[in-house]
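Numbering (my numbering), first residue to last: 32 to 468.
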């Protein structure tokens, strides 16, 4: 297969740019993981140290040219940090909801004890204040008073009556455990969701939702059901929107870091992102992705062209300043073999691919004998193999995706229209006299 070829070239510069982008995204994800985790007190020094070690290991992959490993492991680390933070925040939300529930039940218990004590006489001011505030350290004292013989015989005390009806040997700890263990699954679920909302949208207050939840807690019957159903819908909708906005903001921050790593003004993409709504964030994400893609496409094309020209120059093809510009109104490159001046190669970029084909030159009405064309194609095949090796030596790669055999199509012949019949520092003016495109 020695005729025209369609090849795909990936340069070291292109791979490095992609890898640096991956590492920048991990850095941004790690920064957010650290910031949010620290704010919510759900990460410790050991977790931070482990995350930093994993990040350092990723950077080491670039230094040791393990680019494929980096491209596999970096997205995995990015996803892990996101999921790990979500798991930690879920635990925090559950703990916060449980703490609020415990605090509420403590206040209810303290209020009940205080009412019972007040029925029989004055209560010490400090004890009364502690009971009103639900301070559990005051409960044993109140319980001890309620359990005394004087209170045991007080039929007017509702709490004393209840205590008499229960097992008299029941200790305070067991009694408190029973009272604190009473939960309402529906209320608890909504409290958990409100805690998650506070974490995601920490700058927004949801006092109205909390007030409505307290109202539902004190309601009964059908009214309670209606209040809870309404809260379930509204909190669910609000939480879904907050999660979506948070995910979009997270992605925009990662793209901003990736853009900066590529040499773009990444900060311009996420400026003011905290106050953006979902639509604005989506627009910013699309703009950042498009800018990164356009930058990488242009940089990769330039790197591919430079790598090919350098490789062909090493093989004896004449590459002079000006030959990297457009030829004959398009982006084709024409290079001449120094050892065989009447033959050369045409390189035509096509997106991420290139078409490379041997060509013959004619000038002043003279050109090579067509009988030599097959030999020229065979020599070109060897040059392609050498080009593959030279690119591989510098960390690039050339993959042949399509190749025609020798003689499958006539060798393209091109007429030199300039005063010289050899390549010069200026871009040669060439005209195809046979077009086999």
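Where is the CB? At the ideal position from N, CA and C, for every residue including glycine.
Since the model is a prediction, treat every value here as computed from it, not as a measurement.
Inset, instruction - Output yes or no for whether 8 Å exceeds the beta carbon distance between residue 221 and residue 263. - result: On the chain shown, residue 221 is found 190 positions in, with the first residue counted as 1. On the chain shown, residue 263 is found 232 positions in, with the first residue counted as 1. Yes.
Inset, instruction - Quick one: residues in its chain with C-beta nearer than 7 Å to the C-beta of residue 471, no 5 flanking neighbours on either side, listed in chain order? - result: Coverage of the chain is limited to positions 32 through 468, which leaves residue 471 absent and any answer about it impossible.
Inset, instruction - Have a look at residue 99 and residue 421 and give me their C-alpha separation to the nearest angstrom. - result: For the purposes of this step, residue 99 is taken as the residue at position 68 of the chain shown. For the purposes of this step, residue 421 is taken as the residue at position 390 of the chain shown. Rounded to whole angstroms, residue 99 to residue 421 spans 20 Å at the Cα level.
Inset, instruction - Give the straight-line distance between the Cα atoms of residue 259 and residue 168, rounded to the nearest whole angstrom. - result: The sequence position of residue 259 within the chain shown is 228, counting from 1. The sequence position of residue 168 within the chain shown is 137, counting from 1. Each residue's Cα considered, the two are about 33 Å apart.
Inset, instruction - Identify the continuous beta strand (DSSP E) that holds residue 431 and give its terminal residues. - result: Along the chain shown, read from residue 1 onward, the residue named residue 431 stands at position 400. Unbroken beta strand (DSSP E) run through residue 431: 428 to 434.
Inset, instruction - Using only alpha-carbon positions, find the residue among 37, 417, 48, 38 that is nearest to residue 328. - result: Stepping through the chain shown from its first residue, residue 328 is reached at position 297. Checking every option, the nearest Cα to that of residue 328 belongs to 48.
Inset, instruction - Identify the continuous alpha helix (DSSP H) that holds residue 136 and give its terminal residues. - result: Taking the chain shown and counting its residues from 1, the one referred to as residue 136 is at position 105. Element bounds for residue 136: 98 to 149.
Legend entry - residue 388 beta carbon less than 8 Å from that of residue 437: Taking the chain shown and counting its residues from 1, the one referred to as residue 437 is at position 406. Taking the chain shown and counting its residues from 1, the one referred to as residue 388 is at position 357. Contact flag unset, no.
Legend entry - CB of residue 316 within 8 Å of CB of residue 286, strictly: By one-based count along the chain shown, residue 316 stands at place 285. By one-based count along the chain shown, residue 286 stands at place 255. Cβ atoms of residue 316 and residue 286: closer than 8 Å.
Inset, instruction - Give me the Cα-Cα distance between residue 354 and residue 105, rounded to the nearest whole angstrom. - result: Position 323 of the chain shown, counting from 1, holds the residue named residue 354. Position 74 of the chain shown, counting from 1, holds the residue named residue 105. Since pLDDT at residue 354 reaches only 47, below the 50 mark, its modelled position is unreliable, and the value read off the structure follows with that caveat. Their Cα atoms are separated by approximately 39 Å.
Legend entry - Per-residue DSSP class, three states only, for residue 253: Taking the chain shown and counting its residues from 1, one reaches residue 253 at position 222. The answer is helix: DSSP assigns residue 253 an H, G or I state.
Inset, instruction - Quick one: residues in its chain with C-beta nearer than 8 Å to the C-beta of residue 418, no 5 flanking neighbours on either side, listed in chain order? - result: Locating residue 418 in the chain shown gives position 387, counting from the first residue. If we look at residue 418 and ignore the five residues flanking it on each side, its Cβ neighbours are 339, 342, 343, 346, 429.
Legend entry - Minimum C-alpha distance to residue 50 - residue among 161, 95, 68: Along the chain shown, read from residue 1 onward, the residue named residue 50 stands at position 19. Nearest of 161, 95, 68 to residue 50, Cα basis: 95.
Inset, instruction - Pair every Cβ in the segment 368 to 381 with every Cβ in the segment 300 to 320, then say whether three or more of these pairs are closer than 8 Å. - result: no
Inset, instruction - Would you mind working out which of 131, 268, 63 sits nearest residue 284, comparing C-alpha positions? - result: Along the chain shown, one-based indexing puts residue 284 at 253. Of the listed residues, the one whose Cα sits closest to residue 284 is 63.
Legend entry - Cβ-based neighbour list, residue 290, same chain, cut-off 7 Å, excluding 5 preceding and 5 following: For the purposes of this step, residue 290 is identified with residue 259 of the chain shown, where counting begins at 1. Closer than 7 Å at the Cβ level, and outside the excluded window around residue 290, lie 297, 300, 319, 322, 323.
Legend entry - Own chain residues within Cβ distance below 7 Å of residue 38, not counting five before or after: Here residue 38 is taken as the residue at index 7 of the chain shown, counted from 1. Closer than 7 Å at the Cβ level, and outside the excluded window around residue 38, lie 384, 385, 387, 429, 430, 431, 432.
Inset, instruction - With DSSP as the reference, please indicate the residues paired to residue 443 in a beta bridge. - result: Mapped onto the chain shown, residue 443 falls at position 412. DSSP lists 390 as partners of residue 443.
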